[in-house]
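Numbering (this note's numbering), first residue to last: 1182 to 1763.
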């Protein structure tokens, strides 16, 4: 059996095929794409394989690669069922992740990237463009002039061009997150090259026989496109089209097949079914259309490849189940809740979503940045970024949920970062992590909650945000997730009740853990507090904890650990009672 190399981080289809790397065949969707609009706009979360698709389509459609078709595509669906349009276009591909997002350099870097891409295009298709024409294009002062010159000439010559733009919003998102809204608006609404670039495309897509036959744009949000075109009308947004739900990402069957391949090859010693169950918790449950929801959930493809690569190297479950590169990618999204160094309404919405684990909302196709704080727009952006996913339809719109443990932990990180970034609540994470280890291995749990309580007492600004049981619960969950010793569950159905917090020991990664925790939280407002009410709440909590401790979920997941049942009573923001229930 010839073992396929793992293509983690590879986005060159030709290299993957020629170097015997794993490729999950998605080429049947080329036929689906051709049946849709000629000008396509597709949004998917980070690390879902967008760049690989852009690259694959270039290999398939490039007129210069006719001789490579059989070698590259012979083992794929499209290789056995080619369309009439294979190898029939001149292709030009822009990758805006290569643009320097530094405010002082972005305009120049954007122009330079476009210039190099255009010159490469002219050189690759030298059989169609003589030196006189090349020099004419080079002499143009701006990108928009060069594009218009090329496409008008292609129109005259009856040449068809397929343009690709990968990560169209990459540098604008970076500018927004690092330099604020003023610089972002200046870039997208001003007279700079970015806006003119998209204006040219807008014009070309509305002209008959412009030479721009097909356009494929990918990104992670619709915001920039709306801003630079004063309305979303360059391409058809196919992001919610049910026919392409499985277009990117791996289905459960595809994921299991990959695991089985490496297990049967003898390089993955973990059982495929065991890996699949674990990966379902951490990487699964993405869905991009309600009509396909019951057929297929999708795994994040990069996360799957990361897991397998690490599992083979370590010959065990990876110590870090969240790819560090994913953490870095998602940290860029902190601007969603701290625009211009201030917490905005989105912060409260994000907290509410985490507290309830779901939200009902429509998904908006596009909107300008200035309308980001509108609830429906913000929730839509969370969906596009992969922080929420479609679970089902409800009330004529969508029921959106947090897809998996990876995203849940990242979102708790957003809450912690939001408080820290604006100097509302800063805490020693190293010390807090030590308290978590004491909870997990020594059963010494009080210092964790007392430490948090002391910090709330000292950092008074945080108190304005701690009003209500759900709010306190969400706050605690954010800090209980600073490590991965436990899998934290909130509002889980347990023995005909819903537990506030269950800290399941992560025995797969830490088999020597000694303790698990059920936490029942009660809240009493400061103006209604009395010892009588406190005692009543304690008795309620004791009864509930006993009930939850008997649930099948707890019994099946604690292993040989000792379960501790904890009662926390909050008097407003103040921790009033903190004891173990026996």
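Note that CB positions come from ideal geometry on N, CA and C, so glycine has one too.
Residue i versus the options, residue with shortest Cα-Cα distance
i, options, result
"residue 1752", "1349, 1591 and 1716", "1716"
"residue 1740", "1205, 1694 and 1266", "1694"
"residue 1595", "1200, 1648, 1656 and 1578", "1656"
"residue 1722", "1259, 1651, 1761 and 1216", "1761"
"residue 1704", "1649, 1673 and 1684", "1649"
"residue 1772", "1204, 1334 and 1183", "Residue 1772 lies beyond the range of the chain shown here (1182 to 1763); nothing can be said about it."
"residue 1440", "1184, 1681 and 1288", "1184"
"residue 1369", "1689, 1405, 1392 and 1216", "1405"
"residue 1286", "1219, 1236, 1240 and 1373", "1373"
"residue 1417", "1408, 1430, 1429 and 1403", "1403"
"residue 1574", "1257, 1310 and 1468", "1468"
"residue 1698", "1653, 1651, 1749 and 1652", "1749"
"residue 1733", "1620, 1496, 1400 and 1675", "1675"
"residue 1498", "1333, 1687 and 1608", "1687"
"residue 1298", "1700, 1320, 1272 and 1608", "1272"
"residue 1661", "1678, 1690 and 1630", "1630"
"residue 1719", "1757, 1484 and 1669", "1757"
"residue 1651", "1640, 1278 and 1671", "1671"
"residue 1537", "1232, 1658 and 1611", "1658"
"residue 1692", "1712, 1710, 1678 and 1742", "1742"
Cross-strand partners of residue i (DSSP beta bridge)
i, result
"residue 1273", "1344"
"residue 1674", "1679"
"residue 1485", "Partner(s): none; residue 1485 has no beta bridge."
"residue 1288", "In the DSSP output, where bridge partners are listed per residue, residue 1288 has none listed."
"residue 1570", "1582"
"residue 1417", "1221"
"residue 1505", "In the DSSP output, where bridge partners are listed per residue, residue 1505 has none listed."
"residue 1186", "1202"
"residue 1395", "1343"
"residue 1243", "1270"
"residue 1759", "1749"
"residue 1744", "1697"
Check: residue i C-beta below 7 Å from any heavy atom of the ligand PLP
i, result
"residue 1282", "Absent from the structure shown: the ligand PLP. Ligands present: none."
Span separating the alpha-carbon of residue i from that of residue j
i, j, result
"residue 1152", "residue 1728", "In this structure the chain extends from 1182 to 1763, so residue 1152 is not present and cannot be described."
"residue 1474", "residue 1425", "Because residue 1474 sits at a pLDDT of 49, beneath the cut-off of 50, its placement in the model cannot be relied upon, and the point is left open."
"residue 1223", "residue 1470", "13 Å"
"residue 1754", "residue 1707", "9 Å"
"residue 1646", "residue 1637", "11 Å"
"residue 1314", "residue 1209", "38 Å"
"residue 1814", "residue 1558", "This structure does not reach residue 1814, given that the chain is present from 1182 up to 1763, and the question cannot be answered."
"residue 1500", "residue 1667", "13 Å"
"residue 1367", "residue 1331", "28 Å"
"residue 1379", "residue 1549", "15 Å"
"residue 1681", "residue 1747", "11 Å"
"residue 1274", "residue 1580", "36 Å"
"residue 1248", "residue 1393", "24 Å"
"residue 1307", "residue 1442", "44 Å"
"residue 1218", "residue 1397", "10 Å"
"residue 1542", "residue 1583", "14 Å"
"residue 1818", "residue 1556", "As shown, the chain starts at 1182 and ends at 1763. That puts residue 1818 outside it, with no answer to give."
"residue 1644", "residue 1352", "36 Å"
"residue 1598", "residue 1632", "18 Å"
"residue 1282", "residue 1356", "6 Å"
"residue 1324", "residue 1504", "37 Å"
"residue 1202", "residue 1261", "20 Å"
"residue 1554", "residue 1472", "29 Å"
"residue 1436", "residue 1480", "8 Å"
Proximity test, Cβ basis, 8 Å: residue i and chain B
i, result
"residue 1362", "As a matter of chain content, chain B is missing from the structure shown, which is built from one protein chain."
The region 1193-1201 / the region 1249-1265 touching (three or more Cβ pairs under 8 Å): yes
The region 1225-1240 touching the region 1555-1567, judged by at least three CB pairs closer than 8 Å: yes
In chain order, which continuous runs of the alpha helix (DSSP H) of length 4 or greater are located wholly inside the region 1641-1715? 1650-1661
Given 8 Å as the limit, is there contact between the region 1333-1344 and the region 1288-1296, that is, 3 or more CB pairs closer than that? no
Which runs of the beta strand (DSSP E) spanning at least 3 residues fall entirely within the region 1297-1377, listed in chain order? 1342-1347
Contact the region 1581-1590 vs the region 1443-1458: 3+ CB pairs below 8 Å: no
Measuring CB atoms only, is the region 1484-1495 touching the region 1450-1460, in the sense that at least three cross pairs come out at less than 8 Å? yes
For the 8 Å Cβ check, are there 3 or more pairs between the region 1422-1437 and the region 1256-1266? no
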